[in-house]
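Colleague: First residue of the sequence shown? That's 1 in the numbering used here, and the numbers climb one at a time after it.
Each residue gets a CB set at the ideal place from its N, CA and C atoms; glycine is no exception.
Computed from a prediction, not measured in an experiment: that's the story for all the values here.
Sharing a structure here in structure tokens format.
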Amino acid sequence: MKGFDAMDTNTIKVQEGYMPFRGYKTYYRIVGEPSENKAPLLLIHGGPGSSHNYFELLDDYAATGRQLIMYDQVGCGKSSIPDDRSVYVKETWAEELIALRKYLHLDNIHMLGQSWGGMLEMFYLTNYDQSGIKSVMIDGSPASIKLWVKEQHRLIKYLSYEDRQAISEAERTGDFSGPKYLAANDRYMERYCWDDPDENSPEPLRRPTNGKKASLIAEGPNEFTENGTISDFDVTDQLKNIHVPVLVTNGTDDLCTPLIAKSVYDHIPNAKWHLFANSRHLALLDQHDEFISVMDKWLNEHD
Numbered sequence: 001m002k003g004f005d006a007m008d009t010n011t012i013k014v015q016e017g018y019m020p021f022r023g024y025k026t027y028y029r030i031v032g033e034p035s036e037n038k039a040p041l042l043l044i045h046g047g048p049g050s051s052h053n054y055f056e057l058l059d060d061y062a063a064t065g066r067q068l069i070m071y072d073q074v075g076c077g078k079s080s081i082p083d084d085r086s087v088y089v090k091e092t093w094a095e096e097l098i099a100l101r102k103y104l105h106l107d108n109i110h111m112l113g114q115s116w117g118g119m120l121e122m123f124y125l126t127n128y129d130q131s132g133i134k135s136v137m138i139d140g141s142p143a144s145i146k147l148w149v150k151e152q153h154r155l156i157k158y159l160s161y162e163d164r165q166a167i168s169e170a171e172r173t174g175d176f177s178g179p180k181y182l183a184a185n186d187r188y189m190e191r192y193c194w195d196d197p198d199e200n201s202p203e204p205l206r207r208p209t210n211g212k213k214a215s216l217i218a219e220g221p222n223e224f225t226e227n228g229t230i231s232d233f234d235v236t237d238q239l240k241n242i243h244v245p246v247l248v249t250n251g252t253d254d255l256c257t258p259l260i261a262k263s264v265y266d267h268i269p270n271a272k273w274h275l276f277a278n279s280r281h282l283a284l285l286d287q288h289d290e291f292i293s294v295m296d297k298w299l300n301e302h303d
């Protein structure tokens, strides 16, 4: 793998476990050993309703000596999936993040949040204690759902006339089950997010995320009809209170458009921004080597 000096990856230790949280269980996965010189990297997945799975594409990076911690937010992956709809709010996931730091003694860490994970980082950094956080990567995340929805509707305009009509009709009726809409949404997601996993996809991406309930309750039926519990999310005016080093990243063909990324970058003091050319919503997949190279340089600069 390019971008860093790797050791033998066959000897990397992987530890799994569960943290008790509000009567539920939060699954976590630790890759590599603690280091005196390199703070661990806590990885926060997207959604709401995704899982840690795609972060396993970073496992080899632990060979550099930096420990990786990934977890499934409650309602996702291998964690508990509560029936109580009131659990699926940003405050739950922020408090779970705080609890995980305490449970695993993550006193000094770097954080990388992708998509919703970056939103969770922004909410956490603007509403809770920032101490012990050496740096943050916000990867493909909006500070405002209102701007996100506006930009999604702009992206839809680049689809075919038939797909635009199918999406418009689904939004008008509130029926997101029709075959024309489903096919149009698939094409939209393949263009700006990532392909539906198949036998050629990396194994972690083929695993279920078990997050449909979380996604529907917190986000809504799709990326452009945000009517769930995070539909009013907007921390734009609070970003000025973030005082840790921040790197904003996104792709040129990303659901998180350059305008969305710039609106985050512009409001965080001394933030940096990296735009991945030819990447959709997961640069870790589309621009794997470049993503790791950018991440490695950033983390080493802020240890």
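1) With DSSP run on the structure shown, which of helix, strand or coil describes residue 305?
2) Between the C-alpha atoms of residue 171 and residue 225, what's the straight-line distance to the nearest angstrom?
3) Tell me which residues share the same chain as residue 209 and place their Cβ nearer than 7 Å to its Cβ, disregarding the 5 neighbours each side in the sequence.
4) For residue 222, which three-state DSSP category applies?
5) So, with DSSP's three-state summary, where would you put residue 128?
6) Identify the residues that DSSP records as bridge partners of residue 29: which are they?
7) So residue 109 is in the beta strand (DSSP E); what residue range does that whole segment cover?
8) Got a sec, what are the start and stop residues for the beta strand (DSSP E) residue 58 sits in?
9) Under a three-way DSSP split, which group does residue 168 fall into?
10) In angstroms with no decimal places, state the Cα-to-Cα distance between residue 237 and residue 47.
11) What's the gap between the Cα of residue 29 and the Cα of residue 15?
12) Take residue 290 and list the residues in its own chain whose beta-carbon comes closer than 6 Å to its own, dropping the five residues that flank it on each side.
13) Do residue 214 and residue 88 have their CB atoms nearer than 8 Å?
Modeller: Straight from the coordinates:
1) Beyond the ends of the chain as shown, which are 1 and 303, falls residue 305; an answer cannot be given.
2) 7 Å
3) 49, 50, 51, 53, 76, 77
4) coil
5) coil
6) 16, 70
7) 109 to 114 is the extent of the beta strand (DSSP E) around residue 109.
8) Where residue 58 is concerned, there is no enclosing beta strand (DSSP E), given that its DSSP letter is neither H nor E.
9) helix
10) 23 Å
11) 6 Å
12) None.
13) Their beta carbons are under 8 Å apart, which means residue 214 touches residue 88 by this criterion.
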